[in-house]
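S.K.:
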Amino acid sequence: MNAVDKLKAAAEKVTGEVKEAVGKATDNDKLVAEGKVDKAKGEVKGTAADVKDTVADAKDRLTS
């Protein structure tokens, strides 16, 4: 499931990057802002997935 979380996070980040680029190209400040928010959310979710992996690995090492 964590791979799915990472994939969703990456997709959200890319969506944000695209929105931001299109917003800049079309001089649409609202779209730029939405893109920045989506990109940040994707980055946070990706980091959270990495933390989950790290905690799971540490738990496995401690219980093995």
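For the sequence shown, the positions run 22 to 85 when the working numbering is used. Don't be surprised by glycine CBs; every beta carbon is placed ideally from N, CA and C.
#1: Between which two residues does the alpha helix (DSSP H) harbouring aspartate 26 extend?
#2: Closest by CA to valine 65, which one among Leu52, Ala24 and Ala31?
#3: Indicate whether glutamate 41 and lysine 57 have their beta-carbon atoms separated by less than 8 Å.
#4: Is it buried or exposed, lysine 34, if we count other Cβ atoms within 10 angstroms and call 16 or more buried?
M.R.: Reading it off the structure:
#1: 23–46
#2: Ranking the options by Cα distance to valine 65, first place goes to Ala31.
#3: yes
#4: buried
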